[in-house]
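*Asks:*
Protein chains: 2
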Amino acid sequence: MDIQLKRGLLDVCVLAAIKSEDSYGYKIIKDMKPYIELSESTLYTILKRLEMAKMLTVRTAEHGGRLRKYYHITEAGLQRIEEFKEEWKEILAIYQFVTKEDGEHG
Amino acid sequence: MDIQLKRGLLDVCVLAAIKSEDSYGYKIIKDMKPYIELSESTLYTILKRLEMAKMLTVRTAEHGGRLRKYYHITEAGLQRIEEFKEEWKEILAIYQFVTKEDGEHG
DNA sequence: TGTAATACATCATATCACGAAGTATAGGCG
DNA sequence: CGCCTATACTTCGTGATATGATGTATTACA
Chain G
1 MDIQLKRGLL DVCVLAAIKS EDSYGYKIIK DMKPYIELSE STLYTILKRL EMAKMLTVRT
61 AEHGGRLRKY YHITEAGLQR IEEFKEEWKE ILAIYQFVTK EDGEHG
Chain S
1 MDIQLKRGLL DVCVLAAIKS EDSYGYKIIK DMKPYIELSE STLYTILKRL EMAKMLTVRT
61 AEHGGRLRKY YHITEAGLQR IEEFKEEWKE ILAIYQFVTK EDGEHG
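Read top to bottom, the protein sequences are chains G and S. For the first sequence, my numbering puts the final residue at 106, and the numbers step up evenly by one. For the second sequence, my numbering puts the final residue at 106, and the numbers step up evenly by one.
(1) Within this structure, are the beta carbons of E87 (chain S) and D11 (chain G) separated by less than 8 angstroms?
(2) Write down the C-beta distance between R7 (chain S) and Q96 (chain G) rounded to the nearest angstrom, noting that I regard them as a contact closer than 8 angstroms.
(3) How would you call M52 (chain S), buried or exposed, if buried means at least 16 neighbouring beta carbons within 10 angstroms?
(4) Mapping DSSP to helix, strand and coil, what is I46 (chain G)?
(5) What alpha helix (DSSP H) runs, 4 residues minimum, are completely inside the stretch 2-40 of chain S?
(6) Note down, in chain order, each residue of its chain lying with its Cβ closer than 7 angstroms to the Cβ of L67 (chain G), except the 5 sequence neighbours on either side.
(7) Give me, in chain order, the residues of the same chain whose beta-carbon lies closer than 6 angstroms to that of I110 (chain S); leave out the 5 immediate sequence neighbours on both sides.
(8) From L92 (chain S) to E62 (chain S), what distance separates their C-alpha atoms?
(9) Using a Cβ-Cβ cut-off of 8 angstroms (strictly less than) and excluding sequence neighbours within five positions of Y35 (chain S), which residues of its own chain qualify?
(10) Give the straight-line distance between the Cα atoms of E90 (chain S) and S23 (chain S), rounded to the nearest whole angstrom.
(11) Can you tell me whether A61 (chain S) is helix, strand or coil according to DSSP?
(12) Less than 8 angstroms between CB atoms is the rule here; does D22 (chain S) satisfy it with respect to chain G?
(13) Rounding to the nearest angstrom, what Cα-Cα distance links S20 (chain G) and L47 (chain S) in this structure?
(14) Which of the three DSSP states, helix, strand or coil, is assigned to K85 (chain G)?
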């Protein structure tokens, strides 16, 4: 996947990964892997950005003697996903613009 | 349209704008406007980048006593559009990942 | 003791969209 | 002529951001 194309999708993808239940860094990367691969440094940058934007909240909890940070989506985060669904219509229009055949005979 | 989301689409959009016939800066911006708005500085940056990547060639021609730069798509440029069509499948998968409802009952 | 997996964090770097500003021509209006 | 707008291309500085490299620390396994 083209890196530029990823940029607009990463934030919503991370939000989607914690939408149904709270999750943590390592698991988010694994869950997203089939769709988008991202490095740890990238993910934690994104998580911090989303936290600052109040699209998620963080809670530290112990798991197996080790501390984990669990991320929980907020209303604003859910709202961001809804916005993406709206943006999707524009993306579809762009896709059609890019793929339309005008030189052939259609 | 979210600026991050634009990033991956701008290049292919510009290529699509010159696909059917050679075009020039100002016209490209107008043709793309219904789909994606971009500033002149952005467009010329992209055109230069695409030229360096040999996805288009440039030809200077006079028009109404003024010089215009006409951009012509190359095989590599057409190839880039084809690649985008392949990437589109991944984007669709991401869209489904983001929009799937797991908390409801599906 | 050593290796790998888990888990999070910081820093430097490269890419890139964009506003601001500049250069230059053509045409309309008074 | 002077002024404005549209056309047409260019350069510069800035801010956003994905990522590799690197570091810290624990658990599990051989």
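All C-beta atoms, glycine included, are put in the ideal place defined by N, C-alpha and C.
*Replies:* The short version:
(1) When the beta-carbon positions are compared, E87 (chain S) and D11 (chain G) stay at least 8 angstroms from each other.
(2) Actually they are not in contact, since the Cβ atoms of R7 (chain S) and Q96 (chain G) sit about 19 angstroms apart, beyond 8 angstroms.
(3) Looking at its Cβ environment, which holds fewer than 16 other Cβ atoms inside 10 Å, M52 (chain S) is exposed.
(4) Reduced to three states, the DSSP call for I46 (chain G) is helix.
(5) Correct list: 3-17 and 25-32.
(6) Excluding residues within five positions, the ones whose Cβ falls inside 7 angstroms are T60.
(7) An answer regarding residue 110 (chain S) cannot be provided, because it is not within the stretch 1 to 106 covered by chain S.
(8) A straight-line Cα-Cα distance of about 43 angstroms links L92 (chain S) and E62 (chain S).
(9) Closer than 8 angstroms at the Cβ level, and outside the excluded window around Y35 (chain S), lie C13.
(10) When rounded, the distance between both Cα atoms is 30 angstroms.
(11) Reduced to three states, the DSSP call for A61 (chain S) is strand.
(12) With 8 angstroms as the cut-off, D22 (chain S) does not count as an interface residue toward chain G.
(13) Roughly 42 angstroms between the two C-alpha positions.
(14) The DSSP-derived three-state label of K85 (chain G) is helix.
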